[in-house]
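K.L.:
Please see the structure below; I have some questions.
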Amino acid sequence: MTVILYTTPSCASCRKARHWLDTHRIAYRERNMVATPLTASELKAILRLTETGTDEIISTRSKPYQQLKLAVDDLPLRELYALIQQNPTILRRPIIHDDRRLQVGYNEDEIRSFLPRQVRVLARNQAQQRVNLVK
Numbered sequence: 001m002t003v004i005l006y007t008t009p010s011c012a013s014c015r016k017a018r019h020w021l022d023t024h025r026i027a028y029r030e031r032n033m034v035a036t037p038l039t040a041s042e043l044k045a046i047l048r049l050t051e052t053g054t055d056e057i058i059s060t061r062s063k064p065y066q067q068l069k070l071a072v073d074d075l076p077l078r079e080l081y082a083l084i085q086q087n088p089t090i091l092r093r094p095i096i097h098d099d100r101r102l103q104v105g106y107n108e109d110e111i112r113s114f115l116p117r118q119v120r121v122l123a124r125n126q127a128q129q130r131v132n133l134v135k
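Residue numbering for the sequence shown follows UniProt numbering, starting at 1 and increasing by one per position.
This is the structure in structure tokens:
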């Protein structure tokens, strides 16, 4: 199960995500989505992992979104895929995913879901022990 990190060169959150993955020794494949836009099948895979569909991945603050003034939710999927491929910075970033999980944007608490389960359990147990010592 490979973690994929979609980034853009000038994105500070992308650099934070890359650093976090490196620090936690999580293998990943990075892809500059401006240099190599996502394919329709990659976009489908990402949308399948969302809870709220396009709302989760489209950056309404991006210049392309504001300039185009489109109702993204009303677009047929093929047109949406073409729009994203022509304007990749319309996507929120970074986008991090594997076969089961999706993280859009950088959030240090949520990105922990990419840690192996045994590491998460160990960290939770250690935190619980620290809490018990304080009592």
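Glycine included, every Cβ here is placed at the ideal spot set by N, Cα and C.
Only counting the same chain, and skipping five residues up and downstream in sequence, which positions put a Cβ closer than 8 angstroms to that of Leu-5?
P.N.:
Hits under 8 angstroms: Cys-14, Ala-17, Arg-18, Leu-21, Tyr-28, Arg-29, Glu-30, Arg-31, Pro-94, Ile-95 and Ile-96.
K.L.:
Have a look at Pro-76, Gln-86, Gln-103 and Tyr-106 and flag the residue whose alpha-carbon is nearest the alpha-carbon of Thr-36.
P.N.:
Thr-36 has its Cα closest to that of Gln-86, out of Pro-76, Gln-86, Gln-103 and Tyr-106.
K.L.:
Can you confirm whether the region 45-62 touches the region 71-91 when touching is taken to mean that 3 or more C-beta pairs between the two stretches lie within less than 8 angstroms?
P.N.:
Output reads yes: the region 45-62 touches the region 71-91.
K.L.:
Distance, Cα to Cα, residue 144 vs Ser-62?
P.N.:
The question about residue 144 has no answer, for the chain in this structure spans 1 to 135.
K.L.:
Mind checking which residues open and close the beta strand (DSSP E) that includes Glu-30?
P.N.:
28-32 is the extent of the beta strand (DSSP E) around Glu-30.
K.L.:
Between the beta-carbon of Thr-50 and the beta-carbon of Leu-102, is there less than 8 angstroms?
P.N.:
Cβ distance < 8 angstroms, so Thr-50 and Leu-102 count as in contact.
K.L.:
Please name the residue, chosen from Pro-76, Met-33, Lys-69 and Arg-25, that lies closest to Thr-8 on a Cα-to-Cα basis.
P.N.:
Checking every option, the nearest Cα to that of Thr-8 belongs to Met-33.
K.L.:
Have a look at residue 176 and Ser-10 and give me their C-alpha separation to the nearest angstrom.
P.N.:
Past the edges of the chain, shown from 1 to 135, lies residue 176, and the structure says nothing about it.
K.L.:
Can you tell me whether DSSP reads Tyr-65 as helix, strand or coil?
P.N.:
Here Tyr-65 sits in helix by DSSP.
K.L.:
Taking Leu-47 as the reference, give the member of Ala-12, Asp-99, Arg-112 and Leu-68 with the closest Cα.
P.N.:
It is Asp-99 whose Cα lies nearest to the Cα of Leu-47.
K.L.:
Please classify Val-131 as buried or exposed, where buried requires at least 16 neighbouring CB atoms within 10 angstroms.
P.N.:
Exposed: under 16 other Cβ atoms inside 10 Å.
K.L.:
Which whole-angstrom value describes the C-beta separation of Gly-105 and Arg-117, a residue pair presumed to lie in contact below a C-beta threshold of 8 angstroms?
P.N.:
23 angstroms between Cβ atoms; not a contact.
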